[in-house]
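Asks:
Protein chains in written order, with our numbering: chain A, 4 to 115; chain B, 119 to 234.
In structure tokens form, the structure reads like this:
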């Protein structure tokens with residue numbers, strides 16, 4: 004079985020500050036990892052993904068994430084956030100069981 | 119990137135009636151489509167997985183006779199909520215993937231269902 008833990012349900016941050024959204028996973032097999040963003044009343048948009056290769060993955064909107072196999076983590080980072088980054092962020096893992104397992108989500112709240 | 123379209127984006131129906139939500143992959147062939155339900159301020163709950171041309175696989179606790187899923191072609195899947203009740207009101211999201219595990223899963227815009 005696989006599971007995803009997003010420890011922070013909500014992360015408040017000021018505009019232009021750096022942010023890290025944490026994600027830990029558990030799986031008995033190799034995994035593929037994803038971060039999705041959901042804006043209010045919308046579907047999910049892919050931010051970035053790790054399939055193999057370099058453990059540092061760059062995505063859209065200036066986000067990046069680092070896969071750490073020993074710590075089973077895939078934390079999402081952005082060096083300087085904007086008001087428009089306010090949204091719900093979901094970490095997800097795919098370990099070959101046909102679909103994604105999602106974390107509970109982290110609400111990123113960016114204020115001026 | 120790939121596009122998945124859902125229709126309608128919002129629908130209101132009367133209790134006891136049925137409503138159909140469509141999910142289309144616009145620029146790729148979706149061998150597998152997924153249907154999720156999302157309650158306010160919560161994560162996505164997988165309802166079922168469907169592969170083109172075969173019966174959907176439902177997650178435990180999801181009533182297959184109430185939530186009918188059809189995946190008749192490589193670009194279209196439908197979710198029909200039968201005999202809808204107010205507790206079925208929710209945000210339903212579909213997603214689609216070309217190929218196998220590891221390929222990106224793309225999500226539709228979601229459909230708000232309100233049963234009155």
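Ideal Cβ positions, reconstructed from N, Cα and C, are used throughout, including at glycine.
1) What is the DSSP secondary structure of residue 15 (chain A), reduced to helix, strand or coil?
2) Counting only Cβ-Cβ distances shorter than 8 angstroms, please list the residues of the stretch 54–79 of chain A near chain B, keeping chain order.
3) Taking the beta strand (DSSP E) that residue 139 (chain B) falls in, what are its first and last residues?
4) Name the one or two DSSP bridge partners that residue 234 (chain B) has.
5) Between the alpha carbons of residue 36 (chain A) and residue 5 (chain A), how many angstroms are there, rounded?
6) Are the beta-carbon atoms belonging to residue 8 (chain A) and residue 29 (chain A) less than 9 angstroms from one another?
7) Under 9 angstroms, CB to CB, which of the residues in the stretch 175–197 of chain B have a partner in chain A?
8) Whole angstroms are fine: how far does the CA of residue 80 (chain A) sit from the CA of residue 23 (chain A)?
9) Give the list of continuous beta strand (DSSP E) stretches no shorter than 3 residues that lie fully inside the stretch 75–111 of chain A.
10) What are the uninterrupted segments assigned as beta strand (DSSP E) that are 3 or more residues long and contained completely in the stretch 193–229 of chain B, given in chain order?
11) Could you confirm whether any beta carbon from chain B is found closer than 9 angstroms to the beta carbon of residue 39 (chain A)?
12) Can you tell which of A:96, A:65 and A:72 has the C-alpha that lies nearest to the C-alpha of residue 57 (chain A)?
13) Nearest to residue 147 (chain B) by CA position, among B:226, B:217 and B:197, is which residue?
14) Can you tell me whether DSSP reads residue 64 (chain A) as helix, strand or coil?
Replies: Working from what's here:
1) In this structure, DSSP gives residue 15 (chain A) an extended state, which the three-state scheme calls strand.
2) Going along the stretch 54–79 of chain A in chain order, one finds 54 with a Cβ nearer than 8 angstroms to chain B.
3) Unbroken beta strand (DSSP E) run through residue 139 (chain B): 137–143.
4) Answer is none; residue 234 (chain B) lacks a bridge partner.
5) Linking residue 36 (chain A) to residue 5 (chain A) through their CA atoms gives a straight-line distance of about 12 angstroms.
6) In contact: residue 8 (chain A) and residue 29 (chain A) (Cβ atoms closer than 9 angstroms).
7) Listed by position along the chain: 175.
8) In this structure, the straight-line span from the alpha carbon of residue 23 (chain A) to that of residue 80 (chain A) is close to 4 angstroms.
9) For the stretch 75–111 of chain A, the continuous beta strand (DSSP E) assignments of 3+ residues that do not extend past its boundaries occur at 76–81 and 90–97, in sequence order.
10) You should have 194–199, 208–215 and 223–225.
11) Yes, residue 39 (chain A) counts as interfacial toward chain B.
12) In terms of Cα proximity to residue 57 (chain A), the closest of A:96, A:65 and A:72 is A:72.
13) Out of B:226, B:217 and B:197, B:217 has the C-alpha closest to the C-alpha of residue 147 (chain B).
14) In the structure shown, residue 64 (chain A) sits in a helix (DSSP, three-state: H, G or I).
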